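The next block holds one structure in the form of structure tokens; read it before the comments.
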Amino acid sequence: MKQIFICLSLLFSTTFIFAQEEIDASKPTNFYTQLYNHLEYNYSKNGPDTYGYRAEFMFAPSEAHLILAELPLLYNTGTDKTGIGDFRARYFYLPYKNYDKFLGAFGPSVDIFAPTGNYDHGLGTGAWLVQPGVTVGLMIADWIQAFPILSYQYTSSPVIERPGLFQDPQHGISFQVIAPIILSEKMFLQVTPIYTASNLGMERNDRYIQEFIAQYALSDKLQLSGFYRGIFKDDNHTARLALVVFL
31 MKQIFICLSL LFSTTFIFAQ EEIDASKPTN FYTQLYNHLE YNYSKNGPDT YGYRAEFMFA
91 PSEAHLILAE LPLLYNTGTD KTGIGDFRAR YFYLPYKNYD KFLGAFGPSV DIFAPTGNYD
151 HGLGTGAWLV QPGVTVGLMI ADWIQAFPIL SYQYTSSPVI ERPGLFQDPQ HGISFQVIAP
211 IILSEKMFLQ VTPIYTASNL GMERNDRYIQ EFIAQYALSD KLQLSGFYRG IFKDDNHTAR
271 LALVVFL
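Sequential numbering of the sequence shown, starting at 31, is according to the numbering used here.
Take a look at the structure:
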């Protein structure tokens, strides 16, 4: 009887510890089931702006698997049209994670953007985009890490025929480094420089992109997130404010 009592005590103690485990969303290789509710504004110097709501749902069946689905509902100021934008799906597999080592994580992923947004209404790109890639986690210090991501980019031929759209598929690459910076137990930043070469053919279309994320924990299951992306060559800027719910 005493042995049974000890075993039950250890079981409940372990369960309590896991239940009280703090969420660390600063590292992109920490997987959680969560819902991002984004309010979004996209500014374009050479075209109309768009704004609206973006739902981003992440499902983590285990520490090694992450499935993401994302769909925006946008309004275009130039066409005066409202509708869904392009749908995004992502799968991330993480076979290795050990933050006690300098090489703290490694895994492949694939991003797929489907042309569900109406191109004529200014809500979609009119083409498929597929990005398989590899992520590596480098544990520099407790308060800062680096996660380089190298991806191949395939852009399909347009699903519609419109003047000005490229006609042939495009092949390219992108390289980014997500750098989480831990400010406190409740707040972190992510600084992400990105270099993309979406067309490695004769007509190069290289871009430098800069992203920033600031995220603050309101409670155990709620966080407030701010996001900025700048594509400076095109003078395009995106800002988002999100309420993050961990499920």
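Even for Gly, the Cβ is constructed at its ideal location relative to N, Cα and C. Bear in mind that the values here come from a model prediction, so they are computed numbers and not experimental data.
Measuring only the C-alpha atoms, how far is residue i from residue j?
i: Thr63; j: Pro193; result: 42 Å
i: Asp172; j: Gln206; result: 21 Å
i: Gly115; j: Thr268; result: 15 Å
i: Ile261; j: Ser74; result: 10 Å
i: Gly154; j: Lys131; result: 42 Å
i: Ser56; j: Asp150; result: 38 Å
i: Gln96; j: Thr165; result: The question names Gln, but residue 96 is Leu in the sequence shown. Straight-line Cα distance between these residues: approximately 13 Å.
i: His68; j: Gly231; result: 35 Å
i: Ile211; j: Ile174; result: 5 Å
i: Gly108; j: Asn235; result: 25 Å
i: Asp25; j: Phe89; result: Any question about residue 25 goes unanswered here, given that the chain covers just 31 to 277.
i: Ser214; j: Asn106; result: 38 Å
i: Phe196; j: Glu233; result: 11 Å
i: Ser187; j: Arg118; result: 18 Å
i: Ile170; j: Glu52; result: 21 Å
What is the DSSP secondary structure of residue i, counted as helix, strand or coil?
i: Ser56; result: coil
i: Ile190; result: coil
i: Ser214; result: coil
i: His201; result: strand
i: Thr155; result: coil
i: Leu219; result: strand
i: Tyr149; result: coil
i: Tyr225; result: strand
i: Tyr126; result: strand
Let me check understanding here. Comparing Cα to Cα, which of the options lies closest to residue i?
i: Gln220; options: Asp150, Ser139, Asn229 and Ile208; result: Ile208
i: Leu104; options: Gly113, Gly137, Leu96 and Leu168; result: Gly113
i: Pro162; options: Asp250, Tyr121, Gly260 and Ser92; result: Tyr121
i: Arg237; options: Tyr83, Leu98 and Ile203; result: Ile203
i: Gly147; options: Leu101, Thr107 and Lys131; result: Leu101
i: Phe159; options: Thr107, Phe87, Gly167 and Pro145; result: A small fix is needed here, since residue 159 is Leu in this sequence, not Phe. Taking only the C-alpha atoms, the option nearest Leu159 is Pro145.
i: Asp265; options: Ile224, Phe177 and Gly77; result: Gly77
i: Phe136; options: Ile179, Gln253, Gly152 and Leu277; result: Ile179
i: Pro125; options: Ala119, Pro138, Leu133 and Phe117; result: Pro138
i: Gln183; options: Phe177, Ala176, Leu195 and Ala157; result: Ala157
i: Leu271; options: Asp79, Glu52 and Glu86; result: Glu86
i: Asp54; options: Lys216, Asp79 and Pro91; result: Lys216
i: Phe218; options: Leu248, Asn106 and Ala94; result: Leu248
i: Tyr258; options: Thr222, Arg234, Tyr246 and Phe61; result: Thr222
i: Tyr123; options: Ala99, Leu133 and Glu93; result: Glu93
Beta strand (DSSP E) containing residue i: first to last residue?
i: Asp236; result: Asp236 to Ala247
i: Gly167; result: Leu159 to Leu168
i: Gly137; result: Leu133 to Ala144
i: Pro102; result: His95 to Asn106
i: His281; result: Because residue 281 is not part of the residues shown, which for the chain are 31 to 277, the question remains open.
i: Ile114; result: Lys111 to Ile114
i: Tyr258; result: Leu252 to Ile261
i: Leu65; result: Gln64 to Ser74
i: Gln183; result: Phe177 to Thr185
i: Glu86; result: Thr80 to Ser92
i: Ala171; result: Run containing Ala171: none; DSSP gives neither H nor E here.
i: Phe117; result: Phe117 to Tyr123
Could you check how far apart the C-beta atoms of residue i and residue j are, in whole angstroms? I think they sit under 8 Å.
i: Gln200; j: Ser228; result: 6 Å
i: Thr226; j: Ile243; result: Rounded, the Cβ-Cβ distance is 18 Å, inconsistent with contact.
i: Tyr81; j: Tyr71; result: 4 Å
Under 8 Å between C-beta atoms, does residue i make it to chain C?
i: Asp172; result: Absent from the structure: chain C. Only one protein chain is present.
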